[in-house]
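Novice: Sharing a structure below in structure tokens format, with a few things to ask.
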Amino acid sequence: MKEQLKASRLATKAVIFDWAGTAVDFGSIAPVQAMAEVFKSAQVPVSVAEIRRPMGMEKRRHIQELLGDEQIAARWHALHGSSPTQADVNRLYDAFNEQLIEILPRRADPIPGLLEVVAGLRAANIKIGSNSGYSARMMDVLSRAARERGYEPDCVVSSSDVQTGRPAPDLSLKCLEQLGLSGDAVAIKVDDTSVGIEEGGNAGLWTVAVAVSGNEVGLSLEEWLALTTEQQAQLRNHAYERLHKSLADYVIDTVADLATVVCDIEMRIAAGERRRA
1 MKEQLKASRL
11 ATKAVIFDWA
21 GTAVDFGSIA
31 PVQAMAEVFK
41 SAQVPVSVAE
51 IRRPMGMEKR
61 RHIQELLGDE
71 QIAARWHALH
81 GSSPTQADVN
91 RLYDAFNEQL
101 IEILPRRADP
111 IPGLLEVVAG
121 LRAANIKIGS
131 NSGYSARMMD
141 VLSRAARERG
151 YEPDCVVSSS
161 DVQTGRPAPD
171 LSLKCLEQLG
181 LSGDAVAIKV
191 DDTSVGIEEG
201 GNAGLWTVAV
211 AVSGNEVGLS
221 LEEWLALTTE
231 QQAQLRNHAY
241 ERLHKSLADY
251 VIDTVADLAT
261 VVCDIEMRIA
271 AGERRRA
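Per our numbering, the sequence shown starts with residue 1, numbered consecutively.
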């Protein structure tokens, strides 16, 4: 973290990180792998692009969104002779849960630069929150694996902890509550999905979208590094464009670039600016 962040003068009290694609699991690979396998087992294959469209949502709702897609619903009807039911949603969700639990420990590596950024934030007395569209059981597995790799936020809020999932503000507000902060505290939400950015914005937080490490590019670190500079630029520009449309206050490549954003937010607040409603 930049040295100019002096704890005694900071307005920012917390940074809330999403998990897959933001803090860990470069490319947000785990949920895609699990969802693809579940639909394949149901003999209704879905593409990676289709899976990624509702990414960031609570996972039962994610499945409902997929089944509500006109093309996927048509594939389902062609195979089963009827539209998917709530029982089908429940069955797919249970299968997804088990599949993801098996994958998560292998996709818990922190995004490069995360641990250094978190250490800098804590040195400036900024609390570290986290939330996810994953359930409590999923987060128990993922947070334990991430802790073994050095990442342990001050709170972990899952979709099981709130009544309403993204894009409602509940996940961010629950984080602030668990961190001992009021709902009007100055905080920053960092996420890789549009729906996660909307969640933070709806909670009145400054929002920072990560483009390269997350859902919009959707490549593992190894796949990303294997690209040419020109290929990376094309994917990066497309991701930035989409995330700017989500009304993120800032878009950066990965969490490794967060320090300069925090400094900029502090300068804007010191100049009397407040986050837009």
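Cβ coordinates follow ideal geometry from the N, Cα and C atoms, glycine included. Since this is a predicted model, take the numbers as computed values, not measurements.
With a threshold of 7 Å on Cβ separation, who are the neighbours of Glu50 within its own chain once the five nearest residues in sequence on each side are excluded?
Specialist: Taking the first residue of the sequence shown as position 1, residue 50 is located at position 50. These residues qualify, in order along the chain: Leu66, Asp69 and Ile72.
Novice: Between the beta-carbon of Gly180 and the beta-carbon of Lys189, is there less than 8 Å?
Specialist: Mapped onto the sequence shown, residue 180 falls at position 180. Mapped onto the sequence shown, residue 189 falls at position 189. Not a contact, by the Cβ cut-off of 8 Å.
Novice: If you follow the beta strand (DSSP E) that Trp206 is part of, which residue opens it and which one closes it?
Specialist: What you label residue 206 is simply residue 206 of the sequence shown in a count that begins at 1. It spans Trp206 to Val210 - the beta strand (DSSP E) in which Trp206 sits, taken as one unbroken run.
Novice: In the DSSP assignment, what are the bridge partners of Asn131?
Specialist: Stepping through the sequence shown from its first residue, residue 131 is reached at position 131. The partner list for Asn131 (beta bridge, DSSP) reads Val157.
Novice: Please confirm if the segment 82 to 97 is in contact with the segment 107 to 119, defined as three or more CB-CB distances below 8 Å between the two stretches.
Specialist: No, the segment 82 to 97 does not touch the segment 107 to 119.
Novice: So what does DSSP say about Phe26, is it helix, strand or coil?
Specialist: Translated into the one-based positions of the sequence shown, residue 26 becomes position 26. Looking at Phe26 - three-state DSSP - the assignment turns out to be coil, as it is neither helix nor strand.
Novice: What is the DSSP secondary structure of Tyr250, counted as helix, strand or coil?
Specialist: Working through the sequence shown from its first residue, we reach residue 250 at position 250. Residue state, collapsed to three classes: strand.
Novice: Where does the unbroken alpha helix (DSSP H) through Lys59 begin, and where does it stop?
Specialist: Along the sequence shown, read from residue 1 onward, the residue named residue 59 stands at position 59. Note, Lys59: alpha helix (DSSP H), Lys59 to Gly68.
Novice: What's the C-alpha gap between Asp249 and Asp140?
Specialist: The count along the sequence shown starts at 1 and reaches residue 249 at position 249. The count along the sequence shown starts at 1 and reaches residue 140 at position 140. Computed Cα separation, rounded: 30 Å.
Novice: Which parts of the segment 29 to 60 are runs of the alpha helix (DSSP H), unbroken and 4 residues or longer, counting only runs that do not cross its ends?
Specialist: As far as the segment 29 to 60 is concerned, its whole alpha helix (DSSP H) runs of at least 4 residues are 29 to 41 and 48 to 52.
Novice: Check whether the segment 201 to 218 and the segment 155 to 170 touch, using three or more Cβ-Cβ pairs below 8 Å as the test.
Specialist: Yes, the segment 201 to 218 is in contact with the segment 155 to 170.
Novice: If you draw a straight line from the C-alpha of Ala187 to the C-alpha of Thr12, how long is it?
Specialist: For the purposes of this step, residue 187 is taken as residue 187 along the sequence shown, with counting starting at 1. For the purposes of this step, residue 12 is taken as residue 12 along the sequence shown, with counting starting at 1. For Ala187 and Thr12, the distance between alpha carbons rounds to 5 Å.
Novice: Closest to Val156 by CA distance: which of Arg149, Cys175, Gly150 and Glu148 is it?
Specialist: Position 156 of the sequence shown, counted from the first residue, corresponds to residue 156. Taking only the C-alpha atoms, the option nearest Val156 is Cys175.
Novice: From this set, Pro153, Ser132, Asp88 and Asn97, which residue's C-alpha is nearest Ser159's C-alpha?
Specialist: For the purposes of this step, residue 159 is taken as residue 159 along the sequence shown, with counting starting at 1. For the residues Pro153, Ser132, Asp88 and Asn97, the minimum Cα distance to Ser159 belongs to Ser132.
Novice: Drop a sphere of 10 angstroms on the beta-carbon of His62, count the other beta-carbons inside from all chains shown, and report buried for 16 or more, exposed for fewer.
Specialist: As a working note, residue 62 is residue 62 in the sequence shown. When all chains shown are included, His62 counts as buried.
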